[in-house]
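*Asks:* Here's a structure for you.
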Amino acid sequence: MFGTVFRFEIRYHLTRPITWFYFTIFLALGFFFLASDAVQIGGGAGQVKRNAPWVIAQSMLILVAVGQVILTGLVGTAVLRDYQYQTHELLFTTPITRFAYLGGRFAGAFVVMVIVHLGIPVGMALGPLMPWVDQAKMGPVDLGIIGLQFMTLVVPTVFLLSAIFFAVGALTRSLFAIYTQGIVLLVAWTVTSQMLSDVGNQRLAALFDPFGIQAFDLMTRYWTVAEKNSLTVPLTGVVLEN
């Protein structure tokens, strides 16, 4: 039964145009961040390459933080949808377990969230290849590094966000709560950003930032230009704890 619900949830989202619209938005942001000076997300300065591993990691996390506002309903309404369409009474007459229902819904919605966010690394891989891009500001396009940063930084963050969105939807069954939680998370990001400027609160800021950006900043704060251009952000220390 879990597999049936899981497959239904994925199929439902992948047949909706809005899902691919979200994917296209992320792809365009990742693409134009590296292919055009008009889009500024994070980015290197001085001798740091525009597509250095450090820049890629920072930009991915920022895009996830900003983009989750529009994606709130993707996971949050996975459970609420049955009540909206008045199908819950019929559904609950079937011999479905709580794990199969909630677990299948969540797992399917999470997989779709990962697919949507895949637009970010795809766009970042394509952007530097454009003929108008100043290659002197770019390093080599390394798909392994882009993929590794996505798996170690973006996927765990998306999992946490999906769990929060899904739990709020399941517990409140309120559209208002679902669509405002993204703002609450952005407020939490802002608060932890202010905490990071206080030496005594830096560790707390890194641990409680829902997007992991403060943990990333704290770990890489004293990296040299060479390190930013060559090293991936390791899943250790405060980043792993976050």
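In our numbering, the protein residues as written are 1 to 242.
Beta carbons are placed, not taken as given, at the ideal position from N, Cα and C, and that holds for glycine.
Does DSSP put I96 in a helix, a strand or coil?
*Replies:* Reduced to three states, the DSSP call for I96 is coil.
*Asks:* In the DSSP assignment, find the alpha helix (DSSP H) that holds Y22 and state where it starts and stops.
*Replies:* Counting along the chain, the alpha helix (DSSP H) containing Y22 begins and ends at 17-35.
*Asks:* Between P140 and V79, what straight-line distance do the alpha-carbon atoms span, to the nearest angstrom?
*Replies:* Spanning the two alpha carbons is a distance of roughly 44 Å.
*Asks:* Can you give me the start and stop residues for the alpha helix (DSSP H) that V191 sits inside?
*Replies:* Segment 175-196, the alpha helix (DSSP H) holding V191.
*Asks:* Rounded to the nearest angstrom, what separates Q214 and S193 at their Cα positions?
*Replies:* Each residue's Cα considered, the two are about 7 Å apart.
*Asks:* Please name the residue, chosen from T224, R11, Y179, that lies closest to V112 on a Cα-to-Cα basis.
*Replies:* V112 has its Cα closest to that of R11, out of T224, R11, Y179.
*Asks:* Which residue marks the beginning of the alpha helix (DSSP H) containing I145, and which one marks its end?
*Replies:* Its alpha helix (DSSP H) spans residues 143-149.
*Asks:* With distance defined between alpha-carbon atoms, name the residue in F99, R81, I96, L118 nearest to L61.
*Replies:* That would be L118, whose Cα lies nearest to the Cα of L61.
*Asks:* Using 8 Å as the Cβ pair cut-off and three pairs as the minimum, do the region 133-153 and the region 220-227 touch?
*Replies:* Segments in contact, no.
*Asks:* Comparing C-alpha positions only, which one of A163, D217, S36, F166 sits nearest to G123?
*Replies:* Of the listed residues, the one whose Cα sits closest to G123 is S36.
*Asks:* State the Cα-Cα distance for the pair K49 and M138, rounded to the nearest angstrom.
*Replies:* About 5 Å.
*Asks:* Do the CB positions of V158 and V114 come within less than 9 Å of each other?
*Replies:* Yes. Within cutoff.
*Asks:* From this set, N51, N242, V64, which residue's C-alpha is nearest Q135's C-alpha?
*Replies:* Answer by Cα proximity: N51.
*Asks:* When you compare the CB positions of P248 and L231, do they come within less than 9 Å of one another, or not?
*Replies:* Beyond the ends of the chain as shown, which are 1 and 242, falls residue 248; an answer cannot be given.
*Asks:* Looking at the secondary structure, which residues open and close the alpha helix (DSSP H) in which L102 lies?
*Replies:* Where L102 is concerned, there is no enclosing alpha helix (DSSP H), given that its DSSP letter is neither H nor E.
*Asks:* Which of helix, strand or coil does DSSP assign to P140?
*Replies:* P140 falls in the coil class under three-state DSSP.
*Asks:* Decide if D209 is buried, meaning its Cβ has at least 16 other Cβ atoms within 10 Å, or exposed.
*Replies:* So D209 counts as buried.
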